[in-house]
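A.B. asks: Take a look at this one; I'll ask things after.
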Amino acid sequence: MGEFELIRQFFTRPQAEQPEAGVVLGIGDDCALLTIEAGKQLAISVDTAVSGVHFPAEAPAELIAQRTLCSSLSDLAAMGAEPKWFTLALTLPEVDEQWLRDFSRGLFAIAQKYQCHLVGGDTTRGPLAISLQVMGEVVASQTLRRDGAAPGDFVLVTHCLGDGAAGLAVIENRLSLSDAHNQYLHDRFYIPTPRFAEARLIREIASAALDISDGLIADLGHICQASDVGAVIDVDTLPLSEALRTLLDADQARAWALSGGDDYELCFTVAPAHLPQVAMLIAEGKLQATIIGNIVAGSGVHLEQDEQPYQFSATGYQHFSS
Ligand code: ADP
Ligand code: MG
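Structure (structure tokens):
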């Protein structure tokens, strides 16, 4: 049983959404949406990062903190929400003051940058794990959800794909490029950018959106499932960074872009009527985003190259998948 089947079977309840109880959106999106006052919603999400699973066990504490908070904040950006508060549940094998100093420095640097305030948490002893619950505010009419895509919509992604997975490869000495490219990829893995600026630009335009944490195919698959549609992606349009474009193995770069995960870019859909607005934002240099395909009737994510099916077997990261 994979992660998503587990959640569906044991934790998803029919009629999870109960507007009268304030639940606008329950399980299944980047955040839950809860009504706090007329026209305004609280977006809330919790994520756990486990040492050796989500980051290398020997990673510097400052970078662990930056990565975990940035990737958690990304779920708020993916809902169109503005960051407000977070809580931290920290499980530590021991008290190592230097480690805690470094972790704290990294944590508050990011908290300050995105104006998100630590308001509570929990501290326990055990194998190193970090749980962060992030809370943000969003105007009800501006929420970015996974369930609004329709056939004919365009599929876009912000910035570049594949850098997160390539960064992890650099960190684990499986990939080495120039010093500058190694540093760029290393930073993309450890300090991903929650795309708040981009979300602000598209939240009244996009029909659906999420952040890519498990890889494009897997995450766009979530938009397809939630919206009851399919998607066709042209693999030659996938935006790759300069670092990834220097890679000799183009198939590897494409594989990381399709299924590598850890990018925390936004994937979003736009109805044809709104495409000119998005094209204008891109042309003006305000929004860095690329059209990579279309939403179609049907289901699942289909890959094409030169209008022919593109064979690709990997899907995306799932806890508990065999
Ligand atoms: P993301 O990658 O955006 O953080 P996940 O893939 O972790 O989202 O989770 C998918 C959805 O399932 C989310 O809406 C999340 O809140 C929900 N979810 C995950 N685990 C549980 C659980 N144990 N109980 C209830 N909901 C869960
Ligand atoms: Mg997410």
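Under my numbering, the first residue of the sequence shown is numbered 8, with each subsequent residue one higher. Ideal Cβ positions, reconstructed from N, Cα and C, are used throughout, including at glycine. From a predicted model like this one, the values you see are computed outputs, not experimental measurements.
With distances taken Cα to Cα, identify the nearest neighbour of T334 among P26, L32, E27, A28.
C.D. replies: Shown here, the chain extends from 8 to 329; a query on residue 334 therefore has no answer.
A.B. asks: Is S111 near the ligand ADP, judged by its Cβ being under 7 Å from some heavy atom?
C.D. replies: Outside the cutoff, so no.
A.B. asks: Using 10 angstroms around the beta-carbon of R202, count the other beta-carbons present and answer buried if the total reaches 16, otherwise exposed.
C.D. replies: Counting Cβ neighbours within 10 Å, R202 comes out buried, since at least 16 surround it.
A.B. asks: Say yes only if the C-beta of S220 is nearer than 7 Å to one or more non-hydrogen atoms of the ligand MG, and no if none qualify.
C.D. replies: Yes, the ligand MG has a heavy atom inside 7 Å of this Cβ.
A.B. asks: Confirm the yes/no value for this check: CB of A85, any heavy atom of the ligand MG, distance under 7 Å.
C.D. replies: Flag set: Cβ of A85 near the ligand MG.
A.B. asks: For T244, which option in K47, P21, A296 has the closest C-alpha, if you only look at C-alpha atoms?
C.D. replies: Nearest C-alpha to T244: A296.
A.B. asks: Return the chain-ordered ranges of every beta strand (DSSP E) run that is complete within the stretch 275 to 328 and spans a minimum of 3 residues.
C.D. replies: Fully enclosed beta strand (DSSP E) runs of 3 or longer: 296 to 303, 307 to 312.
A.B. asks: Run the proximity test for F275: is its beta-carbon closer than 7 Å to any non-hydrogen atom belonging to the ligand GDP?
C.D. replies: This structure lacks the ligand GDP; its bound ligands are the ligand ADP and the ligand MG.
A.B. asks: Within the continuous alpha helix (DSSP H) that includes R207, where are the two ends?
C.D. replies: That run of the alpha helix (DSSP H) goes 203 to 209.
A.B. asks: Could you pull the start and end residues of the alpha helix (DSSP H) that D258 belongs to?
C.D. replies: 257 to 266 is the extent of the alpha helix (DSSP H) around D258.
A.B. asks: State the Cα-Cα distance for the pair A250 and E179, rounded to the nearest angstrom.
C.D. replies: Computed Cα separation, rounded: 17 Å.
A.B. asks: What span of residues does the beta strand (DSSP E) with D129 cover, start to end?
C.D. replies: Run containing D129: 124 to 132, per the beta strand (DSSP E) assignment.
A.B. asks: Using the beta-carbon count (16 or more within 10 Å), is A238 buried or exposed?
C.D. replies: Buried.
A.B. asks: Report back the beta-carbon spacing between L217 and A85 to the nearest angstrom; my notes put them in contact at under 8 Å.
C.D. replies: Yes, L217 and A85 are in contact; Cβ-Cβ is about 5 Å, under 8 Å.
A.B. asks: I'd like the list of long-range same chain contacts for G182, defined as Cβ closer than 7 Å, with 5 residues on each side in sequence excluded.
C.D. replies: Before going further, note that residue 182 is Leu rather than Gly in the sequence given. Around L182: A173, A176.
A.B. asks: Output the residue ranges of the beta strand (DSSP E) runs that lie fully inside the stretch 208 to 238 and measure 3 residues or longer, sorted by chain position.
C.D. replies: If we require 3 residues or more, the beta strand (DSSP E) runs fully inside the stretch 208 to 238 come out as 215 to 218.
A.B. asks: Take V60 as the anchor and find which of I71, G292, R252 has the nearest alpha-carbon.
C.D. replies: Checked all of I71, G292, R252; the closest Cα to V60 is I71.
A.B. asks: Consult DSSP for G143 and reduce its assignment to one of helix, strand or coil.
C.D. replies: Residue state, collapsed to three classes: strand.
A.B. asks: Measuring only the C-alpha atoms, how far is Q149 from E101?
C.D. replies: For Q149 and E101, the distance between alpha carbons rounds to 44 Å.
A.B. asks: Looking at P90 and L80, is the spacing between their C-beta atoms short of 8 Å?
C.D. replies: Yes, the pair counts as a contact, with Cβ atoms nearer than the cut-off.
A.B. asks: Please report the distance separating the alpha-carbon of Q284 from that of C274.
C.D. replies: Using only the alpha carbons, I get a separation of about 17 Å.
A.B. asks: Could you check whether the stretch 149 to 160 touches the stretch 35 to 50, counting it as contact only if at least three pairs of C-beta atoms, one from each stretch, sit closer than 8 Å?
C.D. replies: Short answer: they touch.
A.B. asks: Could you name the residues that DSSP lists as bridge partners for Q48?
C.D. replies: Beta-bridge pairing links Q48 to T42, V145.
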